[in-house]
Amino acid sequence: MKVAVIGVGHVGLVTAATLAHFGHDVVGLDEDPAKIDTLQQGRAPFYEPGLQDLLDEVLGSGKLRFTREAAEAIEGADCAFICVGTPARADGEANLLAVENAARSVARNATGDIVVIQKSTVPVSTADRLHSIFAKATTHRIRLVSSPEFLREGAAVQDSLKPDRILVGSDDPEAHALMRKLYEPVLGGDCRYFEVDIHTAELAKHACNAFLALKISFANALARVCEASGADVVSVADIMGSDHRIGRDFLNAGLGYGGYCFPKDLLAFKAVAGRLGYDFGLLEEVMKINRGALDATVQKIKDALWNVESKKVLLLGLSFKPGTDDVRESPALNLARALTDLGAEVVGCDPQANEFAVREMPGLQVVEDPYKGAEGAHCIVVCTEWPEFADLDFVRLKGIVTLPMIVDGRNLLNEKDVVEAGFSYLPTGRPPANL
Ligand code: UGA
-14 MKVAVIGVGH VGLVTAATLA HFGHDVVGLD EDPAKIDTLQ QGRAPFYEPG
36 LQDLLDEVLG SGKLRFTREA AEAIEGADCA FICVGTPARA DGEANLLAVE
86 NAARSVARNA TGDIVVIQKS TVPVSTADRL HSIFAKATTH RIRLVSSPEF
136 LREGAAVQDS LKPDRILVGS DDPEAHALMR KLYEPVLGGD CRYFEVDIHT
186 AELAKHACNA FLALKISFAN ALARVCEASG ADVVSVADIM GSDHRIGRDF
236 LNAGLGYGGY CFPKDLLAFK AVAGRLGYDF GLLEEVMKIN RGALDATVQK
286 IKDALWNVES KKVLLLGLSF KPGTDDVRES PALNLARALT DLGAEVVGCD
336 PQANEFAVRE MPGLQVVEDP YKGAEGAHCI VVCTEWPEFA DLDFVRLKGI
386 VTLPMIVDGR NLLNEKDVVE AGFSYLPTGR PPANL
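All residue numbers for the sequence shown refer to this note's numbering, where the first residue is -14 and numbers rise by one.
Put into structure tokens, the structure is as follows:
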């Protein structure tokens, strides 16, 4: 099948490469010249485990190519995926201008009937707007599908090649038939295939992300109560998680959620619910607890250091989660800003994200080597649970810091290792040790 993918960011590029791997002829379209240049040279423009290998394969087989010309990508295509960004507006609503522009571009450039698959996360009822754009802009038949994705950054290639579910929303039987054909290679097995109406698909994506964020905020609220009472939030989460009705995933307390998806999707879901007449106050509380998780860590560092001014703080991890170089809405960078505002000397260290972190927060000091960053530090804070940080030589670190103090904002480290090396250890929602 001939496939166009509009927008080759984290979602679009992985989708394009996966569909090419399935054997479809895919053209990736993006207006960003630097991104297209990099891709045309055969390189992934961001770090995602397994992506470069997948690109090597599908570029080598000629199944995937890239262009900045909409006409070239869309001409003769059986279907076009819209995978553009939907950032938050100041009022919390999703900014859908890029989705609108992509839809108009398909309508303008279609050379025959085409199925448009809306993959960007959008508020429920966006499909109605797209239908009316298509009706006015072209005489070709455009069948619309909403097929939100469930890729996790850091595991996106695996999620895409072996999805746990595929969600296809459409009110058009022929569009459903095309989608089944498109995804034939992964159907059967463990992948659940949901064929629903278009509004259900749109809403389900917001519901999934909001519920995952709710679980994280529940764990972070528990962490506050655990810290106040001397209980251990990790054990509480383990006990809760052993009940299969609850599940252990996404009950890790820490600095809170970040990234490109949850923060904007929570805002957008609350906004669209409000517009539809329902005050989804629960979502406001989820966001409030998330902000509180960061504030609680700042307070913990202040309590530990007494005067934060001029103290050196090493942040281990700058990406919003491990396995990615993405720093968008990263709790680590929000912490860096808060500590800088308090007068601390902040140094960051991340295995992948240093460059993007400095772009996002100009002036931030970064180091490749955590031992170098720890020289003279008064406090080390674990911000992102990269596995390599768990294996650091804490005895060596103890010899080079000024104050042996570790705040574990992700409950990553083994308490015994750090305490035996002589550090005071302040985890999240668990009793501190060696104060
Ligand atoms: C999220 C969803 O998990 C995907 O299913 C969805 O497809 C994607 O958004 C999207 O809408 O595109 P992602 O943003 O890549 O994926 O990252 P997550 O793994 O969900 O983590 C989000 C944030 O929550 C991270 O900052 C992570 O550190 C934090 N988190 C996660 C916790 O603080 N505690 C946990 O227990 C789990």
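Every residue, glycine too, gets a C-beta built ideally from N, C-alpha and C. Owing to the predicted nature of the structure, the values given are computational and were not obtained by experimental measurement.
Scanning its chain for C-beta atoms nearer than 8 Å, with the 5 sequence neighbours on each side dropped, one finds around residue 128 the residues 98, 99, 100, 101, 155, 157, 159, 160, 163, in chain order. Within the same chain, Cβ atoms closer than 6 Å to the Cβ of residue 190 are found at 106, 133, the five residues on either side in sequence being excluded. Non-local C-beta neighbours of residue 389 in its own chain, meaning closer than 7 Å and more than five positions away in sequence, comprise 383, 407, 408, 409, ordered along the chain.
Comparing alpha carbon positions, the residue from 173, 350, 137, 4 closest to residue 305 is 137. The nearest non-hydrogen atom of ligand 1 is less than 7 Å from the C-beta of residue 201. Inter-residue distance for residue 260 and residue 183 is about 19 Å (C-alpha atoms, whole angstroms). Secondary structure note for residue 279: its alpha helix (DSSP H) is the uninterrupted segment 266 to 290. Residues of the same chain with a CB within less than 8 Å of the CB of residue 61, apart from the 5 flanking positions on each side, are -13, 96, 97 in chain order. Just measuring C-alpha positions, the residue of 326, 320, 113 sitting nearest residue 295 is 326.
Going by C-alpha positions, residue 246 is about 8 Å away from residue 194. Per DSSP, reduced to three states, the secondary structure at residue 84 is helical. Exposed is the label assigned to residue 263, since fewer than 16 other Cβ atoms lie within 10 Å of its Cβ. The Cβ-Cβ distance between residue 218 and residue 415 falls below 8 Å. Taking the CA atoms as reference points, residue 398 sits about 27 Å from residue 196. Taking the Cα positions, residue 243 is about 15 Å away from residue 268.
A contact between stretches requires three or more CB pairs, one per stretch, nearer than 8 Å, and the region 15 to 25 meets this requirement with the region 42 to 59. For residue 125, the CB contacts under 7 Å within the same chain, skipping 5 residues up- and downstream, are 95, 97, 98, 99 in chain order.
Under the DSSP assignment, residue 356 falls in the alpha helix (DSSP H) whose first and last residues are 355 to 359. The criterion of a C-beta distance shorter than 8 Å is not satisfied by residue 331 and residue 338. Distance from the Cα of residue 231 is smallest, within the candidate group 214, 215, 203, for 203. In terms of side-chain proximity, the C-beta atom of residue 242 is found nearer than 7 Å to a non-hydrogen atom of ligand 1. Put simply, the backbone Cα of residue 324 is about 15 Å away from that of residue 351. Distance between residue -4 and residue 68, taken at the CA atoms: about 6 Å.
With a threshold of 7 Å, the Cβ atom of residue 316 counts as near ligand 1, since some heavy atom of the ligand is closer than that. Beta-bridge partners assigned by DSSP to residue 52: 14.
From the listed residues 362, 355, 386, 360, the smallest Cα separation to residue 376 is found for 355. DSSP places residue 143 in the uninterrupted alpha helix (DSSP H) bounded by 141 to 146.
Cβ neighbours of residue 371 within its own chain (closer than 7 Å, five residues either side excluded): 302, 307, 336. The continuous stretches of alpha helix (DSSP H) do not include residue 239, and DSSP gives it neither H nor E. Relative to ligand 1, residue 134 has its C-beta within less than 7 Å of a heavy atom. Boundaries of the alpha helix (DSSP H) around residue 118: 111 to 122. The beta carbon of residue 413 sits no closer than 7 Å to any heavy atom of ligand 1.
At least one heavy atom of ligand 1 falls within 7 Å of the beta-carbon of residue -4.
Not one heavy atom of ligand 1 is found less than 7 Å from the C-beta of residue 265.
Every alpha helix (DSSP H) of 4 residues or more that sits fully in the region 322 to 405 is shown, in chain order, as 339 to 345, 355 to 359, 372 to 375, 379 to 385, 400 to 405.
Beta-bridge partners assigned by DSSP to residue 131: 103, 154.
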